[in-house]
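Taking the UniProt record's numbering, the leading residue of the sequence shown gets 1, the next gets one more, and so forth.
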Amino acid sequence: MADTQSSAPLRAHADAPASGVIHVRTRHTANFTVLSNRLAQRAGSAVTVGVAAYILSLPDGASIRIDALCAHFKEGRARISAALNELEAEGWLERRVERGPGGRIVTRTFVYDAPGATERDVPRPAEAPAARDVAEPEPGPAPKPEPGPKAGPKAGPKAGAAPDPRAAAVLGSLRHRDRRLVLSERETVALAPAVEEWLDRGVGPQEIAEALTSGLPDRIDRRPARLLAYRLAALRPPASGAVPTAPHPMPFQDCDGCDRVFRAPRPGRCRDCRDSAAGPSPLAA
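Shown next as structure tokens:
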């Protein structure tokens, strides 16, 4: 009688579990990405984890527009957009609307390998060589210096200098209007000259606080000082002392269709994408 043959190994490894997954690991020396278990084991949508892992594997500067992600994955725009929104809500991804070279509004996307981390040595658009080239005047004869003090914005604060008490009081009152606007001592010193300039132009402390806190977005950058610095510069009143207009009540949004920046109360698509999806009007025929 023939012996019974079996395809099972003669004996299992002593440290192997009796059931469940058994890892066969390989040491990688190139072309690999480190993911935290918090992300890899995230409960919920597998699409969200996959999109996050793919984005983290890309080099800096790679496009992660919805069109580019849809070209890589089989999922449609709605699921990719929902995954990006989930990652942004949990702190893995951050989209900032900033003023780039030439005053153009641009959206910069920051991806974090751990929520709560800070970007390290990331250059801003205005620091790029192209931005400096745009700001440089055309070559020509240098004008003769005029006597007397030069009109213009005040110089930045010196290291260790105390801020103007009036400006510091205005900045300190912002946290009572919005608890997210808590500034450090260093940020207060940096913002105080701009606030002092508003005061010198005849704008009262209450009007300044109203201009800085009206219509704030639902989600504020981890560093609110950047938002306040932008508003102080963009809404600076004229020398006549006219009160600046309040900022637009609608926050900036990223279009889910073309990534264009537009104002709307909630995320979605811009007017051009909505009109394109609706098709031609029947009256056009």
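Beta carbons: idealized from backbone N, C-alpha and C, even for Gly. From a predicted model like this one, the values you see are computed outputs, not experimental measurements.
Cβ-Cβ distances below 7 Å link Ile105 to Val97, Arg99 and Val261 in the same chain, with the five nearest sequence neighbours on each side left out; the list follows chain order.
Take the alpha-carbon of Val195 and the one of Arg180: they are about 19 Å apart.
When DSSP reads this structure, Arg108 sits in a beta bridge with Arg96. Within 10 angstroms of the beta-carbon of Pro59 lie fewer than 16 other beta-carbons, which makes it exposed. Here Arg236 carries a coil assignment [DSSP, helix/strand/coil].
For the pair Glu210 and Pro101, the Cα-to-Cα distance works out to about 29 Å.
In the three-state reduction of the DSSP assignment, Val261 falls in the strand class, which pools E and B. A residue is called buried when at least 16 other Cβ atoms come within 10 angstroms of its Cβ; Asp272 does not meet this threshold and is exposed.
Only residues of its own chain outside the window of five on either side were considered, and among them Ile66, Cys70, Asp256 and Gly257 have a CB closer than 8 Å to the CB of Arg77, listed in chain order.
Assignment of beta-bridge partners to Asp254 by DSSP yields Val261. The continuous alpha helix (DSSP H) containing Ala53 extends over residues Ala46 to Ser57. In the DSSP secondary-structure assignment, Gly268 is bridged to Cys255. Inter-residue distance for Asp113 and Ser36 is about 7 Å (C-alpha atoms, whole angstroms). Put simply, the backbone Cα of Arg95 is about 43 Å away from that of Ser19. Comparing C-alpha distances from Ala82 to each of Arg186, Thr107, Pro217 and Gly44 shows the shortest one belongs to Gly44. Assignment of Pro163 by DSSP, reduced to helix, strand and coil, places it in the coil class. Ranking Pro163, Lys74 and Leu235 by CA distance to the CA of Val203 puts Leu235 first. Contact check for Leu191 against Ala229 passes: the beta carbons are separated by less than 8 Å. Non-local C-beta neighbours of Leu56 in its own chain, meaning closer than 7 Å and more than five positions away in sequence, comprise Thr33, Leu35, Val111 and Asp113, ordered along the chain. Cβ-Cβ distances below 7 Å link Val24 to nothing in the same chain once the five nearest sequence neighbours on each side are left out.
Looking at Ala168, Pro217 and Leu227, the one whose alpha-carbon comes closest to that of Pro205 is Ala168. Sequence-distant Cβ neighbours of Arg177 in its own chain, meaning closer than 8 Å and more than five residues away, are Ala209 and Thr213. Across the structure, Thr107 and Leu87 are spaced so that their CA atoms are roughly 17 Å apart.
Exclusion of the five residues before and after Pro267 leaves Gln253 as the residues of its chain whose Cβ lies within less than 6 Å of its Cβ.
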